[in-house]
Amino acid sequence: MTYVVTDNCIKCKYMDCIEVCPVDCFYEGENMLVIHPDECIDCGVCEPECPADAIKPDTESGLDKWLQVNTEYADKWPNITAKKEPPADAKSFDGEAGKFEKYFSAEPGEGD
1 MTYVVTDNCI
11 KCKYMDCIEV
21 CPVDCFYEGE
31 NMLVIHPDEC
41 IDCGVCEPEC
51 PADAIKPDTE
61 SGLDKWLQVN
71 TEYADKWPNI
81 TAKKEPPADA
91 KSFDGEAGKF
101 EKYFSAEPGE
111 GD
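Counting in full-length UniProt numbering, the sequence shown runs from 1 upward without gaps.
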């Protein structure tokens with residue numbers, strides 16, 4: 001099992017999860033984070049820290065797409081180990097449906 005970041009992170013990118021991760025397995029895209037499934041130790045401390053409820057265990061049904069997205073982009077995006085400020089308009093996107101299709105960016109973030 002591993003944890004995955006789902007579409008509610010897109011354009012929210014709160015980063016509270018990064019501070020509690022003991023193995024630094026988060027990677028930063030332009031408008032979302034992902035978890036590297038081979039680095040995640042399944043401790044689960046990140047899940048309750050996400051204000052957008054975007055982190056889920058991959059054992060939940062329907063998350064195959066998100067495991068694939070996290071796997072692919074963790075290999076392409078830079079590692080991030082320190083919390084940054086979320087986007088100023090993050091709250092306006094929290095809970096919006098269809099964010100992957102509308103807003104997902106494959107571009108990398110800044111990382112550390």
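Virtual Cβ for every residue (Gly too), placed ideally from N, Cα, C.
Using 8 Å for Cβ pairs, my map puts residue i next to residue j. What's the rounded Cβ distance?
{"i": "residue 176", "j": "Pro108", "result": "Because the chain is modelled from 1 through 112, residue 176 falls outside the range shown and cannot be assessed."}
{"i": "Glu110", "j": "Pro87", "result": "Between Pro87 and Glu110 the Cβ distance is about 13 Å, and since that is not below 8 Å, they are no contact."}
For residue i versus residue j, is the C-beta spacing smaller than 9 Å?
{"i": "Asp64", "j": "Tyr3", "result": "no"}
{"i": "Asp94", "j": "Asn8", "result": "yes"}
{"i": "Ala74", "j": "Asp112", "result": "no"}
{"i": "Pro57", "j": "Asp16", "result": "no"}
{"i": "residue 116", "j": "Met1", "result": "Coverage of the chain is limited to positions 1 through 112, which leaves residue 116 absent and any answer about it impossible."}
In this structure, how does DSSP classify residue i when only helix, strand and coil are distinguished?
{"i": "Ile35", "result": "strand"}
{"i": "Phe104", "result": "coil"}
{"i": "Pro87", "result": "coil"}
{"i": "Pro48", "result": "helix"}
{"i": "Lys65", "result": "helix"}
Run the CB neighbour count on residue i, radius 10 Å, all protein chains shown included, and call it buried at 16 or more, exposed below.
{"i": "Val45", "result": "exposed"}
In the UniProt domain "4Fe-4S ferredoxin-type" (1–30), which residue ranges form an unbroken alpha helix (DSSP H) of at least 4 residues, counting only runs that do not cross its ends?
Within the UniProt domain "4Fe-4S ferredoxin-type" (1–30), the complete alpha helix (DSSP H) runs of at least 4 residues fall at 16–20.
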